[in-house]
Amino acid sequence: MQVTLGKKLFLYTSGSLVLLLLVTFFILERNQARQWEDHLHSQSLAFARFATPELLKLFRGAFPPRQDETLVKVSDFLAFNRDLVGFSLYSPGGKVLYDSSSFGSLADRGLYESLSGRMGGGYVLSEPSLQTLALPAGGRVLELTAPAFGPTGEQVLAVRYLISYHSVDRRLAEMRGYFLRIALSTLICSLPLVALAARRVTRPIKRLTEGARAVARGDLESRILIGNRDEIGVLAEAFNDMSESLAVSRTELTDKNRALVRANNDLHRIQEQLIRAERLAAIGQLAAGVSHEIDNPVGIILGYAELLLADMAGEDSRRPDVEAIIAECRRCRRITGGLLGLARSGPVRRELVDVEDLVAGTVASLQPQKLFRGVSVRTAVAQPLPPIQGDPDTIRQVLVNLMLNAAQAMVGEGALTLTLGLEKQQVVLRVEDNGPGIPEDLRGRIFDPFFSTKGTGQGTGLGLSVCRKLMEDHGGEISVEESSAGGACFRLAFPRAEAEKCFDNGRDDS
């Protein structure tokens, strides 16, 4: 069983209070008993000095008295001292001259008889003597021996008084009862106050514990509200300062982690761009060689083939072969042209471009073509869009390439949706179709040069690579997303034009 701090404080305080009451009672009892005993002694001495000469007068030298009236007078005279148990008269030689019966209602006759034959002190005295005798059955009596002097000043006898401590013991018992009642009353009144004080002390500690557990759970916004200005209040303020410092440190650490993640992503992107740049550089060198070594011979072959085809009659059996030669030559020129376009680099001509108008013009130019006659093209603009900076012909080339790919994937029948919107200071254009789509395991490779999902002889695999290069030249990006229509969805993101750049561009063009 766990004993809480409040219970310990309550037990320690209660135990200290009880111990303090016991020590106080012990000291008071000892002091009061000593005072009452001293008072009994002084009162008994005064009684002996007063009573001894009177006893000599009453006895008149007769031991025992000859008349019973003398004993009655002696008894009446000594009865005012209720603590007197009895008295005895001794000669200076130690002979018992008279031994009285017991006095007072509190006296015990058997007790007196057990003590009456014993003489605690001497017989020849100059001053009264006091001695406390312990009783066999428990308790005590005061033995007071006083000398009695004759007319000549000589001691004629000794008077022994036995005085009971009963009055002192009764007062002590009464005082113990009073103290017990006072102690019980004090405890009854003090223990609730002690419990309240313990609760008042432990409540801030409990709040500190709850605050520490909240911080351990990660709630660094938790604060401890303690209005006291004592040590616990100072500790609570220090705890709140620590929580605030931890919250600030966690925020800074989170920001630095996010910056590190962004830097890592940028590093990966730059690394990919470097890899692509190296690949494009190699392709550029290859394209230059191919253009120089192949393009010209292919051009000559294409020219002669077209002349040969023009001279052939329509029913000539060689005509399909010549047409195949012309088609393959044109395909070779497209490949070399794509390679040159992929490898070509240079500054992009920039001007203000209204993307909405550019999309509308591109759609209008493609819809009359045979490939788009069975395709439903829809344009959606989510909100008014700011202009962008770039080369409208290059952007149109990217859009045409994506729309042609979509139409070819849908085999000339389906729905093509162009959606324009503004996302995070970027103008975004999504080209989405309901064709067969792009498998997820191929999405990371579709922008690689010479990679194509089309059949053999239906594409060069350079179109999307060229599109990505053109988008990067514009400071934008192209990516593949999940399509709600089940087909492919390409996302084009262009940085919006800034006011100062637009103004400067207009001033330079003027």
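Mapping of the sequence shown onto my numbering: position 454 corresponds to residue 483, and the numbering continues sequentially without gaps. Think of the CB as a built atom: it goes at the ideal place given N, C-alpha and C, for glycine as much as any other residue. Since the model is a prediction, treat every value here as computed from it, not as a measurement.
| Query | Result |
| --- | --- |
| DSSP state of L191, grouped into three classes? | strand |
| If distances are taken between C-alpha atoms only, which option among M341, L100 and V188 comes closest to K124? | V188 |
| When the Cα atoms are used, what is the spatial distance from F76 to Q64? | 18 Å |
| Less than 7 Å between the beta carbons of I417 and A526, yes or no? | yes |
| Y333: buried (16+ other C-beta within 10 angstroms of its C-beta) or exposed? | exposed |
| In whole angstroms, give me the CA-to-CA distance for A136 and L159. | Any reading at A136 needs caution, since the residue's pLDDT is 48, under 50, leaving its predicted position unreliable; the model's value is listed next. Their backbone Cα atoms lie some 19 Å apart in a straight line. |
| Under 8 Å, with one C-beta from each stretch per pair, do the region 291-301 and the region 257-271 reach the 3-pair mark? | no |
| Less than 7 Å separating the beta-carbons of L171 and T181? | no |
| Please identify the residue among C496, C518, E452 and G504 whose C-alpha is closest to the C-alpha of A438. | C518 |
| Indicate whether A175 and F39 have their beta-carbon atoms separated by less than 7 Å. | no |
| Measuring only the C-alpha atoms, how far is V384 from E250? | 47 Å |
| In this structure, how does DSSP classify P524 when only helix, strand and coil are distinguished? | strand |
| Express the C-alpha separation of E58 and T238 in angstroms, rounding to a whole number. | 47 Å |
| Is it the case that the region 112-120 contacts the region 208-224, given that we only count it when at least three CB pairs across the two stretches are under 8 Å? | no |
| Name the one or two DSSP bridge partners that Y540 has. | Residue 540 is absent from the model: the chain starts at 30 and stops at 539. |
| Run the CB neighbour count on D112, radius 10 Å, all protein chains shown included, and call it buried at 16 or more, exposed below. | buried |
| With respect to the beta strand (DSSP E) encompassing A408, which residues constitute its N-terminal and C-terminal limits? | It is worth fixing the name first, because residue 408 is Thr in this sequence and not Ala. Segment V404 to V410, the beta strand (DSSP E) holding T408. |
| What's the call for N463, buried or exposed, on a 16-neighbour Cβ count within 10 Å? | buried |
| State the Cα-Cα distance for the pair R362 and R308, rounded to the nearest angstrom. | 21 Å |
| Kindly identify the DSSP beta-bridge partner or partners of Q184. | F178 |
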